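These notes concern the structure reproduced below.
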């Protein structure tokens, strides 16, 4: 049971991490755009509070 677990961890490291890296290379700009919008959105909520009616839609 223990060795099976180690094999699974190695599999995750060898297979999934490069796969995620490849996907991130393709989706990099898109993810950065989403992250940027999310940060602006959160900042506007924190900074604006009740006065967020003057923030544009979207």
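Residue numbers (our numbering): 101 to 158.
We put the CB at the ideal spot given by N, CA and C, even for glycine.
Predicted model, so just to flag it, every value in this text is computed and none were measured.
Limits of the alpha helix (DSSP H) - the one that residue 137 falls within: Walking along the chain shown from the start, residue 137 turns up at place 37. Residue 137 -> alpha helix (DSSP H) spans 117-148.
Residue 124 and residue 131 closer than 8 Å at C-beta: As a position in the chain shown, residue 124 is number 24, starting the count at 1. As a position in the chain shown, residue 131 is number 31, starting the count at 1. Yes.
Inter-residue spacing [alpha-carbon to alpha-carbon] between residue 110 and residue 135: Reading the chain shown from its first residue, position 10 is the one you call residue 110. Reading the chain shown from its first residue, position 35 is the one you call residue 135. The C-alpha of residue 135 is placed about 30 Å away from the C-alpha of residue 110.
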